[in-house]
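Input: a single structure, listed below in structure tokens.
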Amino acid sequence: MKKSYEIDMCHGPLLGKILLFSVPLMLSGILQLLFNAADIIVVGRFAGSGALAAVGSTSSLINLLINLFVGLSVGVNVLVAKYYGAGKEKDISETVHTAVLTSILSGLILVAVGLMAAKPLLHMMGTPDDVLDQSVLYMRIYFLGMPVLMIYNFGAAILRAIGDTRRPLYFLFAAGIVNVILNLFFVLGMGMGVDGVGWATVLSEHVSAFLVLRTLMKTEGPLRLHLRQLRIVPGKLKRIVKIGLPAGMQGAVFSISNVVIQSSVNSFGSIAMAGNTASSNIEGFIYTAMNAVYQTNLSFTSQNLGGGKYKRIDQIMYQCLGVVTVVGLSLGLLAVMGKSVLLGIYSSDPEVLSYGMLRLKIICGTYFLCGIMDCMVGSLRGLGYSVLPMLVSLTGACGFRILWVVTVFAARHSLTVLYMSYPVSWFITATAHMVTFRKVRRHFPKENVAEV
Numbered sequence: 001m002k003k004s005y006e007i008d009m010c011h012g013p014l015l016g017k018i019l020l021f022s023v024p025l026m027l028s029g030i031l032q033l034l035f036n037a038a039d040i041i042v043v044g045r046f047a048g049s050g051a052l053a054a055v056g057s058t059s060s061l062i063n064l065l066i067n068l069f070v071g072l073s074v075g076v077n078v079l080v081a082k083y084y085g086a087g088k089e090k091d092i093s094e095t096v097h098t099a100v101l102t103s104i105l106s107g108l109i110l111v112a113v114g115l116m117a118a119k120p121l122l123h124m125m126g127t128p129d130d131v132l133d134q135s136v137l138y139m140r141i142y143f144l145g146m147p148v149l150m151i152y153n154f155g156a157a158i159l160r161a162i163g164d165t166r167r168p169l170y171f172l173f174a175a176g177i178v179n180v181i182l183n184l185f186f187v188l189g190m191g192m193g194v195d196g197v198g199w200a201t202v203l204s205e206h207v208s209a210f211l212v213l214r215t216l217m218k219t220e221g222p223l224r225l226h227l228r229q230l231r232i233v234p235g236k237l238k239r240i241v242k243i244g245l246p247a248g249m250q251g252a253v254f255s256i257s258n259v260v261i262q263s264s265v266n267s268f269g270s271i272a273m274a275g276n277t278a279s280s281n282i283e284g285f286i287y288t289a290m291n292a293v294y295q296t297n298l299s300f301t302s303q304n305l306g307g308g309k310y311k312r313i314d315q316i317m318y319q320c321l322g323v324v325t326v327v328g329l330s331l332g333l334l335a336v337m338g339k340s341v342l343l344g345i346y347s348s349d350p351e352v353l354s355y356g357m358l359r360l361k362i363i364c365g366t367y368f369l370c371g372i373m374d375c376m377v378g379s380l381r382g383l384g385y386s387v388l389p390m391l392v393s394l395t396g397a398c399g400f401r402i403l404w405v406v407t408v409f410a411a412r413h414s415l416t417v418l419y420m421s422y423p424v425s426w427f428i429t430a431t432a433h434m435v436t437f438r439k440v441r442r443h444f445p446k447e448n449v450a451e452v
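In terms of my numbering, the sequence shown opens at residue 1 and continues consecutively.
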């Protein structure tokens with residue numbers, strides 16, 4: 001591995017390195033979102049609001065099905081970072097080969113699940129009949145790309161564990177360009193609809209997966225991937241699952257609450273669904289930027305734990321909380337102030353814009369609370385605690401939102417009341433995570449191992 005791509009997380013001032021790590025990660029996440037954004041913009045502009053609603057109505061369901069497996073990449077990241085901080089090369093190599101094979105198998109499972117479950121699940125969500133067939137078509141095509149999507153996510157998690165966030169950014173940039181070109185070619189050039197943008201996304205994902213695999217195969221040192229050595233090392237898989245499965249389950253159950261909310265939005269009709277889709281897509285860019293700080297916290301905490309640098313763990317948490325608050329507040333307020341222009345990118349329908357503005361004002365103005373909540377989860381998972389933050393998140397955010405829908409929203413059936421469930425749940429859960437961290441932190445030394 002070339003040293004220029006690594007970041008020394010265990011020595012020296014933290015803030016500059018946190019920013020050096022997180023900014024490329026933010027850009028990577030934004031580019032990944034552009035896959036879906038390009039789909040939504042093209043269909044919204046050139047295929048109508050029905051196609052826009054069809055693509056948007058699948059997002060919460062897609063996330064529900066893939067989050068469980070994507071969560072395993074969190075376990076990969078934590079494990080590689082911890083071994084790297086401790087200098088355990090054999091353990092790193094075994095984890096890398098186990099992770100890549102696991103990603104391929106996970107992707108194949110998701111292909112089968114997506115193809116079989118798309119129509120019944122979308123129907124259960126109450127997707128309107130006028131967009132159901134298009135939604136099913138898009139979702140089935142999207143899931144054909146799951147193996148390469150999993151390969152990229154797991155491979156990028158391996159590179160992030162040693163501080164390399166730049167090359168995954170370059171890979172996504174290349175794939176993003178391919179995606180936009182293919183979107184325009186299929187929809188404008190060939191007259192396709194949701195199927196065209198679906199195939200464009202799947203084909204472009206092959207680019208990023210190929211590049212990340214190629215990088216791992218050409219890397220020097222313990223991160224090097226040898227295809228002939230791909231195998232599941234039971235002990236490593238067990239540790240990946242121990243950390244990653246609760247993270248994946250949390251993501252999946254979060255998606256369940258979002259599916260419940262999406263189903264509630266569906267009850268207001270396809271125009272409200274289209275406005276909700278446009279706003280959700282804008283919010284996604286802010287969330288991705290904040291989530292990069294969560295992943296930064298996760299990697300830095302894991303490496304310093306492996307290296308016995310206990311004094312830095314609290315410093316990492318406080319500095320990451322500061323960064324995520326600034327990022328969330330700044331981007332959220334910019335989105336609120338520029339809501340008309342931003343939503344206008346997705347649709348020119350005044351009704352769609354009106355529904356989108358309603359959601360965007362409520363969510364983006366308070367989104368920094370979600371960033372604080374996730375950042376605290378990063379500290380806990382970096383210390384090796386994954387089940388505890390999962391339970392707190394499921395109770396404080398997911399359970400609360402579902403309870404809100406069946407009580408408060410049922411009593412006052414309006415989109416404003418529905419969307420308010422988000423900021424209230426973020427505040428409650430962030431507070432609970434802070435209390436949990438304080439209790440967990442007592443189980444670790446306050447001083448570095450070498451200084452004890």
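From the three backbone atoms N, C-alpha and C, an ideal C-beta is built for every residue, glycine too. Since the model is a prediction, treat every value here as computed from it, not as a measurement.
DSSP three-state assignment for residue i, whether helix, strand or coil
i	result
Ser135	helix
Thr58	coil
Ile158	helix
Tyr346	coil
Thr407	helix
Arg442	coil
Glu451	Its pLDDT being 43, under 50, Glu451 is placed unreliably by the model, and nothing is read from it.
Cys455	Nothing in the structure corresponds to residue 455, since the chain is present only between 1 and 452.
Thr219	coil
Thr366	coil
Glu6	coil
Thr429	helix
His206	helix
Leu79	helix
Pro423	helix
Leu15	helix
Thr201	helix
Leu149	helix
Arg412	coil
Met453	Here the chain comprises residues numbered 1 to 452, so residue 453 is not present and cannot be evaluated.
Leu213	helix
Met434	helix
Met192	coil
Pro246	helix
Leu33	helix
Leu383	coil
Gly163	coil
Leu144	coil
Residue span of the alpha helix (DSSP H) that contains residue i, given as start and end
i	result
Gln229	Here Gln229 belongs to no alpha helix (DSSP H), and DSSP marks it neither H nor E.
Gly176	166-184
Arg312	311-337
Ile271	270-306
Leu115	89-124
Tyr419	415-419
Ser267	It is not in any alpha helix (DSSP H) - Ser267 carries neither H nor E in the DSSP assignment.
Pro389	387-393
Residue from the options with nearest C-alpha to residue i
i	options	result
Val131	Thr58, Thr416, Ile177, Ile243	Thr58
Met337	Met139, Ile282, Tyr385, Thr288	Ile282
Phe173	Asp374, Ile428, Ser28	Ser28
Ser421	Gly191, Pro13, Ile261, Ser106	Ile261
Trp199	Leu182, Ser279, Thr98	Leu182
Val377	Leu415, Tyr287, Phe437, Val424	Phe437
Lys238	Leu72, Leu418, Asn63, Ser106	Leu72
Pro168	Glu205, Leu331, Met192, Asn297	Glu205
Thr277	Ile243, Leu298, Phe427, Tyr346	Tyr346
Thr201	Gln32, Leu20, Asn448, Glu447	Gln32
Leu65	Leu203, Gly87, Leu108, Val78	Leu108
Phe400	Tyr385, Met217, Asn258	Asn258
Met373	Phe427, Gly356, Gln229	Phe427
Ala118	Asn304, Met139, Ser263, Val265	Met139
Ser208	Leu225, Arg228, Tyr170	Tyr170
Val265	Lys242, Asn304, Phe409, Asp133	Phe409
Integer Cβ distance of residue i from residue j, believed to fall under 8 Å
i	j	result
Phe368	Leu329	5 Å
Ile158	Leu223	6 Å
Leu383	Val435	In fact, because the Cβ distance is near 15 Å, the residues do not count as touching under 8 Å.
Gly306	Gly75	Contact doesn't hold; Cβ gap of about 14 Å is too wide.
Leu121	Leu61	6 Å
Leu213	Gly155	6 Å
At least three beta-carbon pairs within less than 8 Å, the region 307-322 to the region 352-360: Judged by pairs of C-beta atoms under 8 Å, the region 307-322 does not touch the region 352-360, as fewer than three such pairs exist.
Segment contact, 8 Å Cβ cut-off, at least three pairs: the region 243-254 with the region 389-399: yes
Three CB pairs or more closer than 8 Å across the region 305-314 and the region 391-406: The region 391-406 and the region 305-314 do not touch, with fewer than three beta-carbon pairs separated by less than 8 Å.
Inter-stretch contact at 8 Å, needing at least 3 Cβ pairs: the region 232-248 / the region 172-188: no
Stretch-stretch touch, CB-based, cutoff 8 Å, three pairs: the region 110-119 with the region 139-147: Between the region 110-119 and the region 139-147 there are three or more inter-stretch CB-CB distances shorter than 8 Å, so the stretches are counted as touching.
The region 148-160 contacting the region 182-195, beta-carbon criterion three pairs below 8 Å: no
Cβ contact (3+ pairs, closer than 8 Å) linking the region 421-433 and the region 281-299: No: fewer than three Cβ pairs fall under 8 Å.
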